[in-house]
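**Student:** Okay, so the sequence shown: first residue is 3 according to my numbering, each after it adds one.
Idealized CB from N, CA, C, for every residue including glycine.
Fair warning: this is a prediction, and the values are worked out from it, not measured in the lab.
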Amino acid sequence: MTALGAKYADELIAYLRTKQLPKLLIIGHTDHDGSDSYNLALSRRRADAVRSFLMTRGYGPDRITTIGKGYHEPIRLENAESFDDDQIKQLLRRVEVQIVR
3 MTALGAKYAD ELIAYLRTKQ LPKLLIIGHT DHDGSDSYNL ALSRRRADAV
53 RSFLMTRGYG PDRITTIGKG YHEPIRLENA ESFDDDQIKQ LLRRVEVQIV
103 R
């Protein structure tokens, strides 16, 4: 996880504490480079890295589920022509956190 990612994760923890630490679904994504099997494994590792980070901040492992989507759910960009290929790939490489109700 990058320093910026850790900063955002700490902000997420602060917010989640105000919500009594709800259950989370963490979803990892990749860009289109690489094979499907590689991207699926990489997306799972991304989600697991965020899970591990949240656990070091006191979030219970029983409250976090992780999955990897690989490149199967790319982000939809408005004005995609405003971005070059490298910028688009960076946006595709992401982790989403959803609160499970």
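#1: Here's the rule I'm using: 16 or more other beta-carbon atoms within 10 Å means buried, otherwise exposed. How should residue 17 be labelled?
#2: Could you tell me the boundaries of the alpha helix (DSSP H) in which residue 100 lies?
#3: In chain order, what residues of the same chain lie with their CB nearer than 8 Å to the CB of residue 104, ignoring the 5 residues before and after it?
#4: Would you mind giving the Cβ-Cβ distance between residue 28 and residue 66, rounded to the nearest angstrom? I have them listed as a contact below 8 Å.
#5: What residue range does the alpha helix (DSSP H) around residue 58 cover?
**Tutor:** Based on what the coordinates show:
#1: Residue burial annotation: residue 17 is exposed, with fewer than 16 other C-beta atoms found within 10 angstroms of its C-beta.
#2: Per DSSP, residue 100 is not a residue of any alpha helix (DSSP H); the beta strand (DSSP E) it occupies stretches across 97 to 102.
#3: The requested residue 104 does not occur in the structure, where the chain is confined to residues 3 to 103.
#4: 6 Å
#5: 38 to 58
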